[in-house]
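In my numbering, the protein residues as written are 67 to 359.
Scroll down for the structure; my scribbles are underneath it.
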């Protein structure tokens, strides 16, 4: 996710933000900031573990069942909250995942202390490995350094390529693309070497790219982040602001032609370090392969 530039706001949202600036913001500044305090100090760290049962046609070589966990949008700087990150790692490990999928934006604007991030996420534990793609912020700020530190910690960073993961008595095919906004995603390159009957799980930071991948029959699932779910959501309004490539698909599940897309609300925040009605998320998928079950 990025704060600027943003896609144009709808008139409904624009009117709300104008009223908010005129009425609500002054009350917060003058001491009526209970909502702000909750959003910045409580909900921002109130990570939910969202469990989902997912049925996918993954082919005869894939396992009958496995557990995959996705996390995204850590935005380690500028707050450098190592204890919060360590708690996220602990709660992820408690799920006993077969596969962990990380979908980008590990930083906001600097990789200066990224070794510290790497040391914490080195604690991820999964039966079959940890896999990642990069987000737009990662591509904008020393992507090679970020990738190298992740790889040093045992995380397989998929940059326009796929990999075969022995898992739960079968083989899961994972593919990762570069960021749409910050890099050059290339499915043609990433899919080289796939067998005709392979079916893959796709890691790509920006969810709206699913519309471009729709119709590629070998892609059955896409894990994305980028939107943070909007960070602030209001009844009847929804997300107040959303980034480019994160407007069509805001949070949760979507069916995009043959692709089942999941948009994770993310772990961190950017620009305004608040969340309201949009807590951070660890997404846990119990996958059933319908081709063998």
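Glycine included, C-beta positions come from ideal geometry on N, C-alpha and C.
Remember, predicted model here, so these are calculated numbers, not experimental data.
*Taking the continuous beta strand (DSSP E) assigned at residue 288, which residues delimit it?*
For the purposes of this step, residue 288 is taken as the residue at position 222 of the chain shown. From DSSP, the beta strand (DSSP E) with residue 288 extends over 285-290.
_Nearest residue (CA-CA) to residue 214, options 188, 122, 229_ = In the chain shown, residue 214 corresponds to position 148, counting from 1. Among 188, 122, 229, the Cα nearest to that of residue 214 belongs to 188.
*Enumerate in chain order the residues of its own chain whose CB-to-CB distance from residue 347 is below 6 angstroms, with the five nearest sequence positions on each side excluded.*
For the purposes of this step, residue 347 is taken as residue 281 along the chain shown, with counting starting at 1. Leaving aside the five residues that flank residue 347 on each side, the residues in its chain whose CB is nearer than 6 angstroms to its CB run, in chain order, 114, 116, 330, 331.
*Going by alpha carbons, who is nearest to residue 319 out of 125, 295, 300?*
Here residue 319 corresponds to residue number 253 of the chain shown, with the count starting at 1. Between residue 319 and the set 125, 295, 300, the nearest pair of CA atoms involves 295.
*Are the beta-carbon atoms of residue 111 and residue 150 separated by less than 8 angstroms?*
Start at 1 with the first residue of the chain shown, and residue 111 comes out as number 45. Start at 1 with the first residue of the chain shown, and residue 150 comes out as number 84. Their beta carbons are under 8 angstroms apart, which means residue 111 touches residue 150 by this criterion.
_As assigned by DSSP and simplified to three states, the class of residue 157_ = Here residue 157 refers to the residue found at position 91 when the chain shown is read from its first residue. Residue state, collapsed to three classes: helix.
*asked:* Taking the alpha carbon of residue 234 as the reference point, which residue from 352, 145, 247, 105 has its own alpha carbon closest?
replied: As a first step, residue 234 must be located in the chain shown, where it is residue number 168. Closest option to residue 234, Cα to Cα, is 352.
*Is residue 309 helix, strand or coil when you go by DSSP?*
Start at 1 with the first residue of the chain shown, and residue 309 comes out as number 243. Note: residue 309 maps to strand in three-state DSSP.
*Does the Cβ of residue 146 have 16 or more other Cβ atoms within 10 Å, making it buried, or fewer, making it exposed?*
Residue 146 sits at position 80 when you count from the first residue of the chain shown. Here residue 146 is exposed: its Cβ has fewer than 16 other Cβ atoms, across all protein chains shown, within 10 Å.
*Start and end of the beta strand (DSSP E) containing residue 122?*
One-based indexing of the chain shown puts residue 122 at position 56. First-last of the beta strand (DSSP E) with residue 122: 114-122.
*Out of curiosity, what's the CA-to-CA distance linking residue 269 and residue 104?*
Translated into positions along the chain shown, residue 269 becomes position 203. Translated into positions along the chain shown, residue 104 becomes position 38. Looking at the two C-alpha atoms, the distance is approximately 32 angstroms.
_Contact with chain C by residue 241, beta-carbon distance below 8 angstroms_ = Annotation note: the requested chain C is absent from the structure, which comprises a single protein chain.
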